[in-house]
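I have placed the structure first, in the form of structure tokens, so that the comments after it can refer back to it.
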Amino acid sequence: MGIVQRQSLKNSIVNYLGIIIGGLSTMFIYPLDWELYGEIQFSLSSAILLSAFFSLGSHALVNKYFPYFESTKTKGFLSLLFIYSAINTVFISSLLFLFKAPFSSMLALGGFEVDKISDNLFIILPLGVLMVFIAVLRAHSFNFGRIVYPDIISNFSLKIIVPGIILLSYFSLINYNVAGWILVVYHIIIAIALMLYLKSLDGLDFKSGVIRRVKRKKHAEMIRYMLYGAMNHVGNILVYKIDIVMIGLLLSTTKVGYYSIFLFLSVVIEIPTKAVFQITGPMISKAFEDNKMDEIKKLYKTSSANLYVVGIVLFSLIWLNIETFFVVMTNGEDLVMYKTVFLLLALTKIIDMVTSVNFSIISYSKYFRVNTLFIFILAISNVIMNYYFINSFDIIGAALSTAISMLVFNLLKTFFVAIKYKMHPFTWPLIIISLFLLMAIFMPLFFPTLFKSILLSVLISGTFILLFIFVVYKLHISIEINRFIDKYRAKILK
Numbered sequence: 001m002g003i004v005q006r007q008s009l010k011n012s013i014v015n016y017l018g019i020i021i022g023g024l025s026t027m028f029i030y031p032l033d034w035e036l037y038g039e040i041q042f043s044l045s046s047a048i049l050l051s052a053f054f055s056l057g058s059h060a061l062v063n064k065y066f067p068y069f070e071s072t073k074t075k076g077f078l079s080l081l082f083i084y085s086a087i088n089t090v091f092i093s094s095l096l097f098l099f100k101a102p103f104s105s106m107l108a109l110g111g112f113e114v115d116k117i118s119d120n121l122f123i124i125l126p127l128g129v130l131m132v133f134i135a136v137l138r139a140h141s142f143n144f145g146r147i148v149y150p151d152i153i154s155n156f157s158l159k160i161i162v163p164g165i166i167l168l169s170y171f172s173l174i175n176y177n178v179a180g181w182i183l184v185v186y187h188i189i190i191a192i193a194l195m196l197y198l199k200s201l202d203g204l205d206f207k208s209g210v211i212r213r214v215k216r217k218k219h220a221e222m223i224r225y226m227l228y229g230a231m232n233h234v235g236n237i238l239v240y241k242i243d244i245v246m247i248g249l250l251l252s253t254t255k256v257g258y259y260s261i262f263l264f265l266s267v268v269i270e271i272p273t274k275a276v277f278q279i280t281g282p283m284i285s286k287a288f289e290d291n292k293m294d295e296i297k298k299l300y301k302t303s304s305a306n307l308y309v310v311g312i313v314l315f316s317l318i319w320l321n322i323e324t325f326f327v328v329m330t331n332g333e334d335l336v337m338y339k340t341v342f343l344l345l346a347l348t349k350i351i352d353m354v355t356s357v358n359f360s361i362i363s364y365s366k367y368f369r370v371n372t373l374f375i376f377i378l379a380i381s382n383v384i385m386n387y388y389f390i391n392s393f394d395i396i397g398a399a400l401s402t403a404i405s406m407l408v409f410n411l412l413k414t415f416f417v418a419i420k421y422k423m424h425p426f427t428w429p430l431i432i433i434s435l436f437l438l439m440a441i442f443m444p445l446f447f448p449t450l451f452k453s454i455l456l457s458v459l460i461s462g463t464f465i466l467l468f469i470f471v472v473y474k475l476h477i478s479i480e481i482n483r484f485i486d487k488y489r490a491k492i493l494k
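In terms of full-length UniProt numbering, the sequence shown has 26 at position 26, counting the first letter as 1, and numbering is strictly consecutive.
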């Protein structure tokens, strides 16, 4: 088994373990203290947003220019990345310090709780700085074909630390300030652990004088690429993290805690998406190089069909049993009135799944810069709609904003690919199975009493999913899904 297969297998195991731990924490630990859980999520999301501006895209250089430094035997690549990151961080920090007063006044005028930022700045600021360098170190480890240990160090461990902090606070062993400092110390440990891991791979390339050794023309090229990467990165963060930050500033950290639970449940639906994108990305890139547009069209349709079917199954499994989830989880009654949040966030993921690899198609085409434009349209519209809808509809407004923004984003990408390459992912069978999606959405809304019973909700959801899979099989929507069913049906009938 090669390194790619080994790393992929190990990474899958780590991801699934993370989902199990995250699921158990979501049901039984995080609800013990909604406010602290919200504080943690608010601090982490704010720090991620801040780090996107601090880095100015320095992490985008890591994988792009590593081959150049290796081939030219130029020492000090990591030193150069750290220098760029440090300069960017100091520059942006200086701007924030200079314009702190007018920026704070503007936020206060808009109804944002500015004190929330001031009170948490001693946590958010160091976290933001640390995240810049952690992103560089993590990306650099990928240059050596290693994804598992960096993921364990920086992501998986967080799923253990956060529940640990909640439990320590619940048993009155720490207060909220100590909880914040634990997050900072934890990120310092991550940075040190990643450096030690890179050292074991002979990848800790710190050398003095690297700026002089790199030609001025190459510096200019790297800075241009870095700033282009910054636009993409900032746009993405504004899309995927701004809702939590704005809920914290406009409502409360308790509401952030509620919202984060539904966000986790919706993310479960899109788990297969990451693997599909990792597999199809290189295939689409090669197909463009070989000018095999039919192959891209086939990938577009098959990935859409597979992801849509899996998305509907996972959505139905959660949504049809959402009342059972509230009964089983700790303090689940606090979330009942906000279950629409999950519905909207989940539909956002399903929209993403059915439109499948349109982002990758644009990214690997000659029109790749269009994605940056679309991301910025999405980011700006998301910020504006979040502000309006959160003030009007509480956390349901944040979910509504995300749903509308992502719908527009995916429509833009889908229409662009359809116009430029005369291809789309939709087929008649997909439209037919959309009826099942509508049924899954409306059954708990029209017949709520049926789903109050744990036994009935399990029976209904189980029957519904079996019927759905049967229809998918008979419609031959996906060759892969039919083969999968045939394989396990043969084993069962033996």
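All C-beta atoms in this analysis are idealised placements derived from N, C-alpha and C, irrespective of residue type, glycine included. Here the structure is a predicted model, which means the values were calculated and not measured.
Same chain, Cβ closer than 6 Å to residue 159, five either side skipped, listed in chain order
Position 159 of the sequence shown, counted from the start, is the residue given in the question as residue 159. These residues qualify, in order along the chain: 18, 21, 22.
Cα-Cα separation, residue 245 to residue 371:
The residue given as residue 245 occupies position 245 in the sequence shown. The residue given as residue 371 occupies position 371 in the sequence shown. If you take the alpha carbons of residue 245 and residue 371, they lie about 24 Å apart.
When you compare the region 404 to 416 with the region 268 to 280, are there three or more beta-carbon pairs, one atom per stretch, that lie closer than 8 Å?
Under the 8 Å Cβ criterion, the region 404 to 416 does not count as touching the region 268 to 280, having fewer than three qualifying pairs.
Assuming contact is defined by CB atoms lying nearer than 8 Å, are residue 321 and residue 31 in contact in what I supplied?
Here residue 321 refers to the residue found at position 321 when the sequence shown is read from its first residue. Here residue 31 refers to the residue found at position 31 when the sequence shown is read from its first residue. Cβ atoms of residue 321 and residue 31: not closer than 8 Å.
Between 54, 112, 152, which has its C-alpha nearest residue 95's C-alpha?
Walking along the sequence shown from the start, residue 95 turns up at place 95. It is 54.
In chain order, which continuous runs of the alpha helix (DSSP H) of length 4 or greater are located wholly inside the region 183 to 236?
210 to 213
Supposed contact pair residue 249 and residue 128 - C-beta distance, whole angstroms, cut 8 Å
In the sequence shown, counting from the first residue as 1, residue 128 sits at position 128. In the sequence shown, counting from the first residue as 1, residue 249 sits at position 249. The C-beta distance from residue 128 to residue 249 rounds to 16 Å, too long to meet the 8 Å contact threshold.
Please report the straight-line C-alpha distance between residue 15 and residue 154, rounded to a whole angstrom.
Position 15 of the sequence shown, counting from 1, holds the residue named residue 15. Position 154 of the sequence shown, counting from 1, holds the residue named residue 154. For residue 15 and residue 154, the distance between alpha carbons rounds to 12 Å.
Expressed to the nearest angstrom, what Euclidean distance is found between the alpha-carbon atoms of residue 75 and residue 318?
Reading the sequence shown from its first residue, position 75 is the one you call residue 75. Reading the sequence shown from its first residue, position 318 is the one you call residue 318. So the alpha carbons of these two residues sit roughly 52 Å apart.
Apply the 10 Å Cβ neighbour rule to residue 85 and answer buried if 16 or more other Cβ atoms are within range, or exposed otherwise.
Taking the first residue of the sequence shown as position 1, residue 85 is located at position 85. Burial call: buried.
Please look up how many angstroms separate the CB atoms of residue 311 and residue 361, rounded, as I've assumed it's under 8 Å.
Within the sequence shown, the letter at position 311 stands for residue 311. Within the sequence shown, the letter at position 361 stands for residue 361. Residue 311 to residue 361, Cβ: 19 Å. No contact.
When you compare only the Cα positions, how much space is there between residue 306 and residue 121?
Against the sequence shown, residue 306 aligns to sequence position 306. Against the sequence shown, residue 121 aligns to sequence position 121. Taking the CA atoms as reference points, residue 306 sits about 44 Å from residue 121.
Whole angstroms is fine: what's the gap from residue 485's alpha carbon to residue 468's?
Position 485 of the sequence shown, counted from the start, is the residue given in the question as residue 485. Position 468 of the sequence shown, counted from the start, is the residue given in the question as residue 468. Spanning the two alpha carbons is a distance of roughly 13 Å.
When you compare the CB positions of residue 266 and residue 346, do they come within less than 8 Å of one another, or not?
Here residue 266 refers to the residue found at position 266 of the sequence shown. Here residue 346 refers to the residue found at position 346 of the sequence shown. Cβ distance < 8 Å, so residue 266 and residue 346 count as in contact.
Would you kindly work out how many angstroms separate the C-alpha atoms of residue 169 and residue 148, rounded to a whole number?
By one-based count along the sequence shown, residue 169 stands at place 169. By one-based count along the sequence shown, residue 148 stands at place 148. Approximately 31 Å between the Cα atoms of the pair.
Which runs of the alpha helix (DSSP H) spanning at least 4 residues fall entirely within the region 290 to 339, listed in chain order?
293 to 319, 322 to 328
Buried/exposed call for residue 385, threshold 16 Cβ in 10 Å:
For the purposes of this step, residue 385 is taken as the residue at position 385 of the sequence shown. Answer is buried; the Cβ neighbour count reaches 16.
Between residue 338 and residue 420, is the Cβ-Cβ spacing less than 8 Å?
For the purposes of this step, residue 338 is taken as the residue at position 338 of the sequence shown. For the purposes of this step, residue 420 is taken as the residue at position 420 of the sequence shown. For residue 338 and residue 420, no; Cβs fall outside 8 Å.
Out of 433, 182, 233, 462, which one is the CA nearest neighbour of residue 473?
Start at 1 with the first residue of the sequence shown, and residue 473 comes out as number 473. Among 433, 182, 233, 462, the Cα nearest to that of residue 473 belongs to 433.
What does the Cβ neighbour count give for residue 34, buried or exposed, with the cut at 16 atoms within 10 Å?
Residue 34 sits at position 34 when you count from the first residue of the sequence shown. Residue 34 should be labelled buried.
For residue 315, tell me which candidate among 477, 52, 99, 439 has the shortest Cα-Cα distance.
As a first step, residue 315 must be located in the sequence shown, where it is residue number 315. When C-alpha distances from residue 315 are compared across 477, 52, 99, 439, the shortest belongs to 439.
Within 10 angstroms of its Cβ, does residue 166 collect 16 or more other Cβ (buried), or is it exposed?
On the sequence shown, residue 166 is found 166 positions in, with the first residue counted as 1. It counts as buried.
Got a sec? Which residues, its chain only, sit under 6 Å from residue 239 by beta carbon, not counting five neighbours each side?
For the purposes of this step, residue 239 is taken as residue 239 along the sequence shown, with counting starting at 1. Hits under 6 Å: 378, 379, 382.
Measure how close the beta-carbons of residue 353 and residue 270 come, nearest whole angstrom, since I'm counting them as under 8 Å.
Position 353 of the sequence shown, counted from the start, is the residue given in the question as residue 353. Position 270 of the sequence shown, counted from the start, is the residue given in the question as residue 270. Indeed they touch by this definition, with Cβ atoms about 6 Å apart.
Have a look at 106, 113, 230, 183 and flag the residue whose alpha-carbon is nearest the alpha-carbon of residue 92.
In the sequence shown, residue 92 corresponds to position 92, counting from 1. Ranking 106, 113, 230, 183 by Cα distance to residue 92 puts 230 first.
Helix, strand or coil for residue 364 per DSSP?
As a first step, residue 364 is located in the sequence shown; it is residue number 364 there, counting from the start. It is coil, neither helix nor strand.
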